[in-house]
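Per UniProt numbering, the sequence shown starts with residue 1, numbered consecutively. All C-beta atoms, glycine included, are put in the ideal place defined by N, C-alpha and C. Being a predicted model, the structure only gives us computed values, none of them experimental. Read through the structure below, which is laid out as structure tokens, and then see the notes.
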Amino acid sequence: MVPLPARRALLAAALGPAGCRRVPRHRAPAAAAARPSSGAGGEAEEPGGATAMLRHLLLKLRATGPVTVAEYMREALTNPGQGYYTRRGGIGESGDFVTSPEISQVFGELIGIWYISEWIATGKPEAFQLVELGPGRGTLTDDILRVFNQLASLLSKCDVSIHLVEVSPKLSEIQALMLTGGKVQSDPEDKSAYMKGVSKTGIPIFWYRDIQDVPPGYSFYLAHEFFDALPIHKFQRTEKGWREVLVDIDPEVPDQLRFVLSPSSTPATENFIQPEEMRDHVEVCPEAGVIIQRLAGRIEKDGGAALVADYGHDGTKTDTFRGFRNHKLHDVLRAPGTADLTADVDFSYLRKMTQGRAATLGPIKQREFLKNMGIDLRLQVLLQNSCDGATHEQLLHSYDMLMNPKKMGDSFNFFALLPHHRLVHPDKKHKPESKSPLPPVAGFGELLLK
Ligand code: SAH
1 MVPLPARRAL LAAALGPAGC RRVPRHRAPA AAAARPSSGA GGEAEEPGGA TAMLRHLLLK
61 LRATGPVTVA EYMREALTNP GQGYYTRRGG IGESGDFVTS PEISQVFGEL IGIWYISEWI
121 ATGKPEAFQL VELGPGRGTL TDDILRVFNQ LASLLSKCDV SIHLVEVSPK LSEIQALMLT
181 GGKVQSDPED KSAYMKGVSK TGIPIFWYRD IQDVPPGYSF YLAHEFFDAL PIHKFQRTEK
241 GWREVLVDID PEVPDQLRFV LSPSSTPATE NFIQPEEMRD HVEVCPEAGV IIQRLAGRIE
301 KDGGAALVAD YGHDGTKTDT FRGFRNHKLH DVLRAPGTAD LTADVDFSYL RKMTQGRAAT
361 LGPIKQREFL KNMGIDLRLQ VLLQNSCDGA THEQLLHSYD MLMNPKKMGD SFNFFALLPH
421 HRLVHPDKKH KPESKSPLPP VAGFGELLLK
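This is how it looks when you write it as structure tokens:
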């Protein structure tokens with residue numbers, strides 16, 4: 001365990017000399033608190049909201065009949081030709097939604113500290129992989145790498161590598177530019193990665209389309225606003241029992257889509273609705289379940305930890321499916337491919353899908369997690385050293401965006417997967433007094449890194 005003063009020292013060392021080391025990020029509009037443009041690279045919408053994606057879907061629906069919401073969402077977001085993330089991926093002020101790492105560098109810095117703290121708590125293994133799912137513009141990994149660089153002496157004997165799981169060619173290009181300055185090799189010899197490069201600080205970076213392609217080994221996983229982008233199935237309770245919500249062509253209005261209910265139960269209804277379900281409307285994301293199963297299995301086998309941060313609930317919410325375009329709510333069925341589609345993450349489902357292979361912590365609110373990680377101390381230091389009034393104001397504004405319960409503070413949650421032995425000594429049952437207590441997990445406990 002790193003004692004408290006040492007933890008404070010770790011925080012100070014990792015965050016580097018107090019000061020404005022970096023140009024502050026843009027000022028996010030208050031309305032962007034969750035995923036609230038017709039940014040560059042977007043497809044022009046024709047009168048009536050028709051897009052190439054809509055035409056593709058209309059052809060498909062005419063040929064096959066209604067599709068599940070999951071199928072619709074998958075097409076709209078990640079279709080290799082016209083998907084939203086494939087072509088547009090509008091993260092940031094000039095795009096459609098803004099995320100915490102884009103708001104403040106402090107966010108990624110504190111997450112970097114979380115991984116270092118776990119690495120120390122598990123005896124400083126000689127190598128680790130940082131695996132980020134859905135890295136967006138690469139900003140979060142960039143901030144984490146800066147922390148690793150600040151702690152170069154601590155990490156000098158550790159073999160660190162970065163592994164990014166990204167389906168969007170457009171976003172992987174932006175990530176490569178951010179992290180390597182654009183010096184990457186496509187289709188490298190080791191077939192599993194589709195691209196590789198070296199970070200500005202000399203750390204190897206690999207890109208994959210699927211978590212299954214990432215090599216095994218002690219790994220720290222990170223999924224920030226990733227699970228909410230995965231396709232959901234939607235179900236509605238009716239007098240005749242549960243029915244799946246489907247997407248179909250509206251017979252009344254040309255080129256328009258509408259929701260319909262399946263005439264009878266679908267295989268998904270049978271599989272995903274629990275007999276004891278009390279809600280009338282339920283969303284399930286099986287793809288998230290499969291990925292969590294894989295992460296839990298990998299952590300059980302090779303060690304490490306996963307940190308998931310997203311907006312979500314613990315199995316209580318009903319209809320959360322929504323679209324964002326140009327920082328405004330957008331009809332999910334209109335102009336597919338030109339707007340981000342998202343649904344709250346059901347953390348109770350993620351917990352269930354670990355199938356006991358990993359221990360879980362959380363979800364806890366973003367403002368509690370960041371407070372436990374020392375955000376107030378970091379803010380004070382940055383404020384004391386801020387170069388000018390505008391920077392000062394920007395620091396306070398971004399802190400408010402991340403921490404205010406009415407903005408991102410309460411709606412975003414942190415959730416972690418850890419090996420069971422990280423929380424309970426394997427022989428605790430037999431010899432409860434024989435071991436020193438395990439170090440608490442930073443961020444989830446109040447007393448850490450303050
Ligand atoms: N983590 C970033 C970006 C969030 S947006 C941030 O917080 O700023 C969602 C990210 O997940 C994008 O990078 C998108 O291209 C990626 N993504 C969406 N579906 C994916 C899938 N099935 N597999 C891998 N990446 C996916």
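### Query
Is V165 near I211, with beta carbons less than 7 Å apart?
yes
### Task
Please state if the CB of M178 and the CB of G138 are separated by a distance shorter than 7 Å.
yes
### Query
What does a CB cutoff of less than 6 Å around L257 pick up in its chain, not counting 5 residues either side in sequence?
V247, L333
### Task
May I ask whether a heavy atom of ligand 1 can be found less than 6 Å away from the beta carbon of E109?
no
### Task
With DSSP collapsed to three states, give me the class of Q185.
strand
### Query
Near S117, what residues of its chain come up, given a Cβ to Cβ distance below 6 Å and the 5 sequence neighbours on each side ignored?
Result list for S117: A442, in chain order.
### Query
Among residues of its own chain, excluding the 5 on either side of Q175, which ones have a beta-carbon nearer than 7 Å to its beta-carbon?
P135, R137, G138, L164, E166
### Distance between beta carbons of G289 and Q353, contact taken as under 8 Å
Per the sequence presented here, residue 353 reads as Met, with Gln not at that position. Right, the Cβ-Cβ distance comes to about 4 Å (below 8 Å), so this counts as a contact.
### Query
From Q394, Y85, G95, pick the residue whose C-alpha is nearest to that of H327; which is it?
G95
### Task
Mind the definition here: the stretch 300–315 touches the stretch 406–414 only if three or more C-beta pairs lie below 8 Å; say whether that holds.
Result yes; three or more Cβ-Cβ pairs closer than 8 Å.
### Message
Checking 7 Å against the spacing of the C-beta atoms, do L402 and S100 come in under that value?
### Response
Yes. Within cutoff.
### Task
Just tell me which of R367, T320, C387 has its CA closest to the CA of D228.
T320
### Query
DSSP state of P36, grouped into three classes?
Interpretation of P36 is limited by its pLDDT of 48, a score under 50 that renders its predicted location unreliable; the figure taken from the coordinates is listed afterwards. If DSSP states are grouped into helix, strand and coil, P36 belongs with coil.
### Query
Out of A63, P439, T68, which has the shortest C-alpha to C-alpha gap to V245?
Out of A63, P439, T68, the CA that lies nearest to the CA of V245 is found in T68.
### Query
Who does W114 pair with in a DSSP beta bridge?
Bridge partners of W114: none, in fact.
### Query
How would you label M278, buried or exposed, when you count the other beta carbons within 10 angstroms and need 16 or more for buried?
exposed
### Query
Can you name, in chain order, every residue of its own chain whose Cβ lies under 8 Å from the Cβ of T180, other than the five neighbours on each side?
Here T180 has G197, V198, S199, K200, I205 as same chain residues with Cβ atoms under 8 Å from its own Cβ, once five neighbours each way along the sequence are excluded.
#### Entry: Backbone CA spacing between P216 and D255 [nearest angstrom]
47 Å
### Query
Would you call C387 buried or exposed, if buried means 16 or more other Cβ atoms sit within 10 Å of its Cβ?
It counts as exposed.
#### Entry: Helix, strand or coil at L155 [DSSP, three-state]
coil
### Query
Starting from I292 and walking both ways along the alpha helix (DSSP H), at which residues does that stretch end?
Annotation for I292: the continuous alpha helix (DSSP H) segment containing it runs 286–302.
### Message
Do R237 and S262 have their beta-carbon atoms positioned less than 7 Å apart in this structure?
### Response
no
### Query
Any heavy atom of ligand 1 closer than 6 Å to the Cβ of A229?
yes
### Task
Flag S411 as yes when its Cβ comes closer than 6 Å to any non-hydrogen atom of ligand 1, and as no otherwise.
no
### Query
Out of curiosity, what's the CA-to-CA distance linking T78 and G89?
Those two C-alpha atoms are separated by around 10 Å.
### Helix, strand or coil at G200 according to DSSP, with G and I counted as helix
The amino acid at residue 200 is misidentified as Gly; the sequence shows Lys. K200: coil per DSSP, three-state reduction.
### Message
Using 8 Å as the cut-off, can you tell me whether the stretch 346–362 makes contact with the stretch 419–426, which would need three or more C-beta pairs spanning the two stretches below that distance?
### Response
A contact exists between the stretch 346–362 and the stretch 419–426.
### Task
Would you mind sorting P437 into buried or exposed? The rule is 16 or more other CB atoms within 10 Å of its CB.
exposed
### Query
Roughly how many whole angstroms lie between the Cα atoms of A40 and S156?
Any reading at A40 needs caution, since the residue's pLDDT is 37, under 50, leaving its predicted position unreliable; the model's value is listed next. Cα-Cα distance, rounded: 41 Å.
### Query
Below 7 Å between beta carbons: does that hold for R378 and L151?
no
### Message
Could you check whether the Cβ of T99 sits closer than 6 Å to any heavy atom belonging to ligand 1?
### Response
Yes, ligand 1 has a heavy atom inside 6 Å of this Cβ.
### Query
Can you find a heavy atom of ligand 1 that lies under 6 Å from the Cβ of T78?
yes
### Task
Please confirm whether any heavy atom of ligand 2 lies closer than 6 Å to the CB of E166.
As far as ligands go, the structure on display features ligand 1 and does not contain ligand 2.
### Task
Could you name the residues of the same chain whose beta carbon sits closer than 8 Å to that of S37, not counting the 5 residues immediately before and after it, in chain order?
Summary for S37: the model assigns pLDDT 37, below 50, so the residue's position carries little reliability, and this model does not support an answer.
#### Entry: Cβ shell of D143 (< 8 Å), same chain only, five flanking positions each side left out
P101, Q105, F107, G108, E109, I111, G112
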